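J.:
Below you can see the structure in the form of structure tokens.
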């Protein structure tokens with residue numbers, strides 16, 4: 120049976136059954152170490168390798184060893200600010216060298232990391248900082264159109280636990296400290312030991328709730344995930360140029376952790392600028408295009424894409440968003456071997472495939488359960504369904520999270536035997552390969568980023584004349600999916616156009632990536648007998664329309 124403990128932060132941690140924990144420790148899937156100790160050992164082992172930030176405004180080129188020293192100074196600076204093991208340190212930074220130093224340094228100190236996606240707006244950031252009671256925030260002064268300090272000023276008084284704000288890339292105003300000043304303290308001599316069953320990272324993800332969900336990973340689970348993902352990608356020969364934000368689980372793992380296990384250089388880019396990426400691939404001899412489908416298709420469709428790029432993309436892994444069969448077929452015709460994987464922030468690497476496996480499995484399924492992972496598909500009553508029949512996917516394994524920061528959300532997805540109810544629907548074939556067919560979760564996955572339909576609906580309901588809103592996923596050839604806002608207006612009221620909807624959401628402070636990209640007006644919606652909107656009908660109509668066009 121699962122055990123429940125309370126963390127120093129007050130979060131309820133739902134640990135897997137003791138028998139599973141013993142199995143994972145005995146088999147080596149779990150290590151008796153902390154994230155900080157694990158990271159520091161891998162940084163020292165790879166100290167001579169290059170770490171490069173591709174940026175037009177904030178570039179960096181050095182070695183992993185040099186950034187390790189920067190991370191030790193960050194850890195020392197945080198300690199001088201009063202940060203102790205188990206305190207919460209949040210950061211909102213683009214893919215800059217400071218993000219790597221803060222991530223690694225905070226883990227060495229034994230504090231709890233809360234990465235925040237750099238394009239999150241004030242609404243999301245305020246919620247995350249209040250909800251985690253973060254003691255420190257490390258933030259950029261500004262980046263592109265975002266003025267982070269101006270946003271912070273609008274709600275800092277609502278954050279009594281936030282003692283220190285560290286500013287990167289700009290002048291530190293009164294009440295904050297500069298990143299340079301943080302580095303003045305004595306470097307941390309060695310990683311701080313904390314119990315591996317305690318929280319290490321809290322990743323926030325948008326789901327079926329209006330606010331982002333805080334997903335708690337322990338030192339055990341995040342180290343297991345890093346090693347598991349590194350092994351799954353071990354066939355790739357070239358280093359990867361990572362454009363996914365390190366504030367998100369995919370970017371954090373692919374950019375800051377997995378390369379350390381694979382003894383490879385680290386290359387990050389802070390803006391997904393395709394011409395710059397194509398030049399970087401040739402100059403640095405790196406691969407790119409893995410992750411959400413958009414990362415691949417944006418390169419293939421670029422005017423400057425040529426054979427010199429194609430030969431650096433012989434092996435690509437796709438996941439984090441729906442992978443249309445047409446994309447897999449297109450890649451295959453170009454000589455690119457595609458593997459697909461399935462996971463979530465809650466259970467990051469659930470299934471996957473390797474390039475040596477049959478093409479039909481690699482291209483058209485989401486792979487098999489990874490080492491230590493168990494899968495079962497169940498019907499609405501919780502009974503397992505036969506192979507070949509659709510059912511809700513439940514999973515458990517060494518990299519499964521231990522609960523949400525909001526305990527009311529945990530109760531609905533984790534059971535006493537350690538199973539995580541994903542809310543996704545799939546089919547297992549006779550060989551154990553999983554194919555995702557639908558999802559119960561009411562989310563849109565746009566380019567690998569989750570968009571909460573409930574959050575957008577709540578804001579759109581505040582527009583004049585709107586009677587009812589259903590935000591659903593529409594197929595998108597470039598991003599996999601985008602949000603479509605279906606509106607039912609009050610009698611005699613015209614539906615707003617797309618520009619008006621986007622202006623309304625901008626004023627509400629919600630991230631631009633979450634804005635609907637099309638609007639449909641309805642006199643009424645298809646409904647269940649209880650009056651609920653049948654969103655699956657709306658999604659099906661949008662898919663059918665996309666097929667006809």
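Numbering (the numbering used here), first residue to last: 120 to 668.
Every residue gets a Cβ at the ideal spot worked out from N, C-alpha and C, and that includes glycine.
All values reported here derive from a predicted model rather than from experimental measurement.
1. Within the chosen definition, does the stretch 234-246 reach the stretch 362-377 through at least 3 CB pairs nearer than 8 Å?
2. May I ask you to report which of helix, strand or coil DSSP gives residue 381?
3. For residue 235, list the residues DSSP reports as bridge partners.
4. Could you check where the alpha helix (DSSP H) with residue 634 kicks off and where it finishes?
5. Name the one or two DSSP bridge partners that residue 134 has.
6. Do residue 406 and residue 437 have their C-beta atoms closer together than 9 Å?
7. Mind checking who residue 211 pairs with in its DSSP beta bridge?
8. Considering only C-alpha positions, which residue in the set 162, 205 and 571 is nearest to residue 189?
9. Are the Cβ atoms of residue 208 and residue 216 separated by less than 9 Å?
10. Is it right to say residue 233 is buried, meaning 16 or more other beta carbons lie within 10 angstroms of its own, or is it exposed?
11. Have a look at residue 398 and residue 175 and give me their C-alpha separation to the nearest angstrom.
12. Between the stretch 271-280 and the stretch 240-257, can you find at least three pairs of beta-carbon atoms closer than 8 Å?
13. Label residue 667 either buried or exposed according to how many other C-beta atoms from any shown protein chain fall within 10 Å of its C-beta, with 16 as the threshold for buried.
14. Applying the 10 Å Cβ sphere with the 16-neighbour rule, what's the burial state of residue 213?
15. So the beta strand (DSSP E) residue 541 belongs to, where does it begin and stop?
16. Closest by CA to residue 639, which one among 616, 621 and 196?
17. Pull the bridge partners of residue 604 from the DSSP assignment, please.
18. Compare the C-alpha of residue 532 against each of 424, 515 and 548 and name the closest.
19. Apart from the five residues just before and just after residue 644, which ones in its own chain have a Cβ nearer than 8 Å to its Cβ?
20. Specify, as a first and last residue, the run of the alpha helix (DSSP H) that residue 323 falls within.
21. For residue 653, which three-state DSSP category applies?
22. Determine the contact status of residue 388 and residue 567, defining contact as a CB-CB distance below 9 Å.
23. If you run the structure through DSSP and keep just helix, strand and coil, what is residue 580?
24. Cβ atoms of residue 334 and residue 321: under 9 Å apart, would you say?
25. Exposed or buried, what is residue 453 when buried is set at 16 or more other beta-carbons lying within 10 Å of its beta-carbon?
26. Can you tell which of 490, 489, 262 and 310 has the C-alpha that lies nearest to the C-alpha of residue 390?
27. Using the three-state DSSP reduction, which class does residue 367 fall into: helix, strand or coil?
28. Provide the residue(s) that pair with residue 552 in DSSP beta bridges, ordered along the chain.
29. I want to know whether the stretch 504-512 touches the stretch 520-529 - three or more CB-CB distances under 8 Å.
30. Enumerated in chain order, which unbroken segments of the beta strand (DSSP E) with a length of 3 residues or greater are wholly contained in the stretch 132-183?
31. Can you tell me which residues form a DSSP beta bridge with residue 510?
32. Can you list, in chain order, the residues of its chain with a C-beta nearer than 7 Å to that of residue 126? Leave out the 5 residues immediately preceding and following it.
33. State the DSSP-derived secondary structure class of residue 455, mapped to helix, strand or coil.
34. According to DSSP, residue 471 sits in a beta bridge with which residue or residues?
T.: For this structure:
1. yes
2. Start at 1 with the first residue of the chain shown, and residue 381 comes out as number 262. Three-state result, residue 381: helix.
3. Within the chain shown, numbered from 1, the residue matching residue 235 stands at position 116. Paired residue(s): none; residue 235 is not in a bridge.
4. By 1-based counting over the chain shown, the position of residue 634 is 515. Careful: residue 634 lies outside any alpha helix (DSSP H) and carries neither H nor E.
5. By 1-based counting over the chain shown, the position of residue 134 is 15. BP columns for residue 134 point to 122.
6. Here the question's residue 406 lines up with position 287 in the chain shown. Here the question's residue 437 lines up with position 318 in the chain shown. Going by C-beta atoms, residue 406 is not nearer than 9 Å to residue 437.
7. Position 92 of the chain shown holds residue 211. Paired residues: 258.
8. In the chain shown, the residue the question calls residue 189 occupies position 70. Closest option to residue 189, Cα to Cα, is 162.
9. As a working note, residue 208 is residue 89 in the chain shown. As a working note, residue 216 is residue 97 in the chain shown. No, the pair does not count as a contact, with Cβ atoms beyond the cut-off.
10. Along the chain shown, one-based indexing puts residue 233 at 114. Buried is the call here.
11. Numbered from its first residue, the chain shown carries residue 398 at position 279. Numbered from its first residue, the chain shown carries residue 175 at position 56. Cα-Cα distance, rounded: 13 Å.
12. yes
13. The residue you call residue 667 lines up with position 548 of the chain shown. Counting Cβ neighbours within 10 Å, residue 667 comes out exposed, since fewer than 16 surround it.
14. In the chain shown, residue 213 corresponds to position 94, counting from 1. Counting Cβ neighbours within 10 Å, residue 213 comes out buried, since at least 16 surround it.
15. Translated into positions along the chain shown, residue 541 becomes position 422. Unbroken beta strand (DSSP E) run through residue 541: 539-547.
16. One-based indexing of the chain shown puts residue 639 at position 520. Closest by alpha carbon: 616.
17. Walking along the chain shown from the start, residue 604 turns up at place 485. 590 and 638.
18. Numbered from its first residue, the chain shown carries residue 532 at position 413. Residue 515 is the option with its Cα nearest to residue 532.
19. Position 525 of the chain shown, counting from 1, holds the residue named residue 644. Excluding sequence neighbours, residue 644 sits near 587, 589, 605, 607, 652, 653 and 657.
20. Numbered from its first residue, the chain shown carries residue 323 at position 204. Segment 318-324 is the beta strand (DSSP E) holding residue 323; no alpha helix (DSSP H) there.
21. Position 534 of the chain shown, counted from the first residue, corresponds to residue 653. Three-state DSSP puts residue 653 in coil, outside helix and strand.
22. Numbered from its first residue, the chain shown carries residue 388 at position 269. Numbered from its first residue, the chain shown carries residue 567 at position 448. In this structure, residue 567 does not lie closer than 9 Å to residue 388 by Cβ.
23. Here residue 580 is taken as the residue at index 461 of the chain shown, counted from 1. Of the three classes helix, strand and coil, the one that applies to residue 580 here is coil, per DSSP.
24. Numbered from 1 along the chain shown, position 202 holds the residue referred to as residue 321. Numbered from 1 along the chain shown, position 215 holds the residue referred to as residue 334. In this structure, residue 334 lies closer than 9 Å to residue 321 by Cβ.
25. Looking up residue 453 in the chain shown gives position 334. It is exposed - the Cβ of residue 453 has fewer than 16 other Cβ atoms within 10 Å.
26. Here residue 390 refers to the residue found at position 271 when the chain shown is read from its first residue. Per the Cα distances, 262.
27. On the chain shown, residue 367 is found 248 positions in, with the first residue counted as 1. Residue 367: coil per DSSP, three-state reduction.
28. Translated into the one-based positions of the chain shown, residue 552 becomes position 433. Its beta-bridge partners are 487.
29. no
30. 169-173 and 179-182
31. For this step, residue 510 is matched to residue 391 along the chain shown. In DSSP, residue 510 forms a bridge with 545.
32. Taking the first residue of the chain shown as 1, we reach residue 126 at position 7. Result list for residue 126: 132, 317 and 318, in chain order.
33. Within the chain shown, residue 455 is the residue found at index 336, counting from 1. It is coil, neither helix nor strand.
34. Numbered from 1 along the chain shown, position 352 holds the residue referred to as residue 471. 487, per the DSSP bridge assignment.
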